[in-house]
């Protein structure tokens, strides 16, 4: 959910809308915003499942500290999506353990 | 190996202030920060700061951040971003991970201003997506324009929990409740009152039992705890929420100082280095400033940074002892003025029953988040008067005095001690300009006119929500607890630039509601 207008901060600056994929599904977000924010705006809460107990995890600290929000980005696992800027055409995948496939 | 006179770790309020002070005195300074933007947490702070002029009071945090960055840029301070300092060694050498590379730098002095990290509290379901830190929700809302959820429960009533709850309301989220295991609200009463008058209930002596949901948060169950924090069976209460925010304190990130061999100590302010009044650690040439040396506010972090920067300049011979003293003496006084009153570091954890003036503190404010009408008379800022006059619902000794400077007619007096409660100077008469209302960082000042019209009073209140009502709108007036008490008509809306996005709403209410009505709700407005 995006904030269209804020009583103190006003309207966000104009940003470029770019396409990316989430588990193969095409989505759009703003260029340069953290990947996690584009996903949050699309209503996606689950970023990964833990290896041993298969428990869902999402954004927790949003400043790159807790590593709960890691995903597979362009084939690379363990990418902290809350501090990694979104780029055009990025392939973002839910992470299962440390891979993009359900084990 | 790259050499600098001074290495600063952390580009938040303390680090940037230190860099500015040092660079002014001719030192070559390099600042490292692990984030991709400088400013630390300042850019997430959209509320007006407390303190006095020298502490940048009534300026919003993000604007203070902009000022600091500009000043650092003008002084040509080098700030390296996305740079994680991984080691600090006793000879003041550091290792930094920049991109995929590990680099080495050596400074003749080092200032550690790494700040703090949020504490967490585990409960059943706490790892579910939708359980987030209060800082995370600030990052989402105030930096990235994203609502962290639709309906939020906040755990923690310290200033972070209170301020972030208000920010959630401003962003258009609903706040279901504020919960704290402690029996009293931990943060400033004025912050609590802002949230309470929007209708948010407080549950003190309560804790989270579990977060509900399979894939993400769908609800939360809280329960009452006894004086030894044990759950009282049968007190469970459920809320439908999609987000749980945790604001349960901060811990200094002091690992680098520990690693460098600085003497450390465990204190109520966290695991911190032993420092003198200038931020000097037990290792000559290594200083600590800001939250890393004990959790406080950004206002004190900035002063500590300036002191440390000045002392580093003296340590390296860029300033004489006398010249440094001249600078730090003034800064130390400014710091002292912030550390007075009920929320002073030495009062942490203590039960305060009387104000400095000897007035019993409001119990209702500490447990429900708002002043009870029966308690109002004993506070000096809350006085009845003829014609238009300010009502200052400021009842705790907090370091803040912009209202005194704001009044062009000098109606409001706080005096030398900035933690004193404001009083009304009866000699001077209020013009109704509203400068005090807009300048109050705690949004605790209202203008009342009991003689507005026969049978009607006008109440002017600070308003920082959208949509902004317009003159002629009718809605409901809410009392301090957020309860609807009467019909209200908006008779004036003021939004001059000088008020910096704090609009002043004046509403007409029946005369007997003048001391009750403290908020306005438009028809169809969502923040409840």
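Residue numbers (the numbering used here), protein chains in the order written: chain A, 8 to 110; chain B, 874 to 1401. Just so you know, even glycine gets a beta-carbon here, dropped at the ideal spot from N, CA and C. Bear in mind the structure is a predicted one, so any value in this text is a computation, not a measurement.
Closer than 9 angstroms at the beta carbon, the chain B residues around residue i
i: residue 62 of chain A; result: 1000, 1001
First and last residue of the uninterrupted beta strand (DSSP E) at residue i
i: residue 1008 of chain B; result: Residue 1008 of chain B -> not in any beta strand (DSSP E); alpha helix (DSSP H) instead, spanning 1007-1011.
i: residue 1097 of chain B; result: 1092-1097
i: residue 1323 of chain B; result: 1318-1326
i: residue 903 of chain B; result: 902-905
i: residue 1359 of chain B; result: 1357-1367
i: residue 1118 of chain B; result: 1116-1119
Contacts of residue i in chain B (Cβ-Cβ under 8 angstroms)
i: residue 80 of chain A; result: Simply none; closest approach about 16 angstroms.
i: residue 10 of chain A; result: 1014, 1018, 1019, 1020, 1044, 1045
i: residue 41 of chain A; result: 1017
i: residue 44 of chain A; result: 1013, 1017, 1019
Chain A residues whose Cβ lies nearer than 8 angstroms to that of residue i
i: residue 1088 of chain B; result: 52, 53, 63
i: residue 1374 of chain B; result: 14, 15
i: residue 909 of chain B; result: 90, 92
Beta carbon proximity, residue i to chain A, threshold 8 angstroms
i: residue 1268 of chain B; result: no
i: residue 851 of chain B; result: The first residue shown for chain B is 874 and the last is 1401, placing residue 851 of chain B beyond what the model contains.
i: residue 1286 of chain B; result: no
i: residue 1007 of chain B; result: no
i: residue 1399 of chain B; result: For residue 1399 of chain B, the predicted structure reports a pLDDT of 48, less than 50, and the residue's modelled location is therefore unreliable. The matter cannot be settled from this model.
i: residue 1333 of chain B; result: no
i: residue 1176 of chain B; result: no
i: residue 919 of chain B; result: yes
Per-residue contacts from residue i into chain A (C-beta, under 7 angstroms)
i: residue 992 of chain B; result: Simply none; closest approach about 11 angstroms.
i: residue 1168 of chain B; result: Ordered by position in chain A, no residue passes the 7 angstroms Cβ test against residue 1168 of chain B, which lies about 16 angstroms from the chain.
Unbroken alpha helix (DSSP H) run spanning residue i, endpoints
i: residue 1291 of chain B; result: Note, residue 1291 of chain B: premise wrong, no alpha helix (DSSP H); not H, not E.
i: residue 1404 of chain B; result: In this structure chain B extends from 874 to 1401, so residue 1404 of chain B is not present and cannot be described.
i: residue 1421 of chain B; result: Residue coverage of chain B in this structure runs from 874 to 1401, which leaves residue 1421 of chain B outside it and unanswerable.
i: residue 1309 of chain B; result: 1308-1312
i: residue 1462 of chain B; result: As shown, chain B starts at 874 and ends at 1401. That puts residue 1462 of chain B outside it, with no answer to give.
i: residue 990 of chain B; result: From DSSP, residue 990 of chain B is part of no alpha helix (DSSP H) but of the beta strand (DSSP E) over 989-991.
i: residue 1183 of chain B; result: 1171-1188
i: residue 45 of chain A; result: 42-48
i: residue 1128 of chain B; result: 1128-1132
i: residue 1278 of chain B; result: 1275-1279
Residue i at chain B interface by Cβ criterion, 8 angstroms
i: residue 21 of chain A; result: no
i: residue 90 of chain A; result: yes
i: residue 105 of chain A; result: no
i: residue 49 of chain A; result: no
i: residue 27 of chain A; result: no
i: residue 86 of chain A; result: no
i: residue 66 of chain A; result: yes
i: residue 69 of chain A; result: yes
Residue i: contacting residues in chain A (beta-carbon distance under 9 angstroms)
i: residue 1015 of chain B; result: 13, 15, 16
i: residue 882 of chain B; result: Within 9 angstroms Cβ-Cβ: nothing; residue 882 of chain B doesn't reach chain A, min ~16 angstroms.
i: residue 1339 of chain B; result: 12, 13, 14
Contact test: residue i Cβ vs the ligand NAP heavy atom, cutoff 7 angstroms
i: residue 1351 of chain B; result: The ligand NAP is not part of the structure shown, which contains no ligands of any sort.
Proximal chain B residues relative to residue i, where beta-carbon distance stays under 7 angstroms
i: residue 72 of chain A; result: 990
### Query
For the region 940-974 of chain B, which segments carrying the alpha helix (DSSP H) assignment without a break, of at least 4 residues, lie completely within its bounds, in sequence order?
none
#### Entry: the region 952-970 of chain B in contact with the region 1124-1139 of chain B per 3-pair CB rule at 8 angstroms
yes
### Message
Quick test of the definition: if touching needs 3 or more C-beta pairs under 8 angstroms, does the region 998-1012 of chain B touch the region 66-75 of chain A?
### Response
yes
### Task
Could you tell me which uninterrupted beta strand (DSSP E) segments, each at least 3 residues in length, are contained entirely in the region 50-106 of chain A, listed from first to last along the chain?
77-80, 83-87, 98-100
### Query
Should the region 951-965 of chain B be regarded as contacting the region 1375-1395 of chain B, the criterion being three or more beta carbon pairs within less than 8 angstroms?
no
### the region 1041-1048 of chain B touching the region 35-42 of chain A, judged by at least three CB pairs closer than 8 angstroms
no
### Message
Please give the ranges of any alpha helix (DSSP H) in the region 1012-1084 of chain B, keeping only runs that are unbroken, at least 4 residues long and fully inside the region.
### Response
1032-1043, 1062-1069
### Unbroken stretches of the alpha helix (DSSP H), 4 residues or longer, contained in the region 1220-1262 of chain B
1236-1240
### Query
Are the region 1304-1312 of chain B and the region 1268-1280 of chain B in contact at 8 angstroms, needing three or more beta carbon pairs?
yes
### Task
Report yes or no: do the region 1190-1204 of chain B and the region 1008-1023 of chain B share at least 3 C-beta pairs separated by less than 8 angstroms?
no
### Query
How about the region 1235-1254 of chain B and the region 1058-1066 of chain B: do they share at least three Cβ pairs that are nearer than 8 angstroms?
yes
### Query
At a cut of 8 angstroms, does the region 1165-1176 of chain B reach the region 1204-1220 of chain B through at least three beta carbon pairs?
yes
### Query
With contact counted as at least three CB pairs below 8 angstroms, one residue from each stretch, are the region 1084-1096 of chain B and the region 1247-1265 of chain B in contact?
no
#### Entry: contact_flag[the region 875-883 of chain B, the region 897-905 of chain B] where n(CB pairs < 8 angstroms) is 3 or more
yes
### Query
Below 8 angstroms, can you find three or more Cβ-Cβ pairs linking the region 1305-1319 of chain B to the region 906-925 of chain B?
yes
### Message
Check whether the region 72-90 of chain A and the region 878-896 of chain B are in contact - that is, three or more C-beta pairs closer than 8 angstroms.
### Response
no
### Query
Would the region 72-84 of chain A and the region 15-27 of chain A be scored as touching if the rule is three or more Cβ pairs under 8 angstroms?
no
### Message
Ignoring anything shorter than 3 residues, give me the beta strand (DSSP E) runs that lie fully in the region 1375-1399 of chain B, in order along the chain.
### Response
1376-1383, 1392-1395
### Query
Using 8 angstroms as the threshold, is the region 1321-1337 of chain B in touch with the region 1381-1388 of chain B, meaning 3 or more CB pairs across them?
yes
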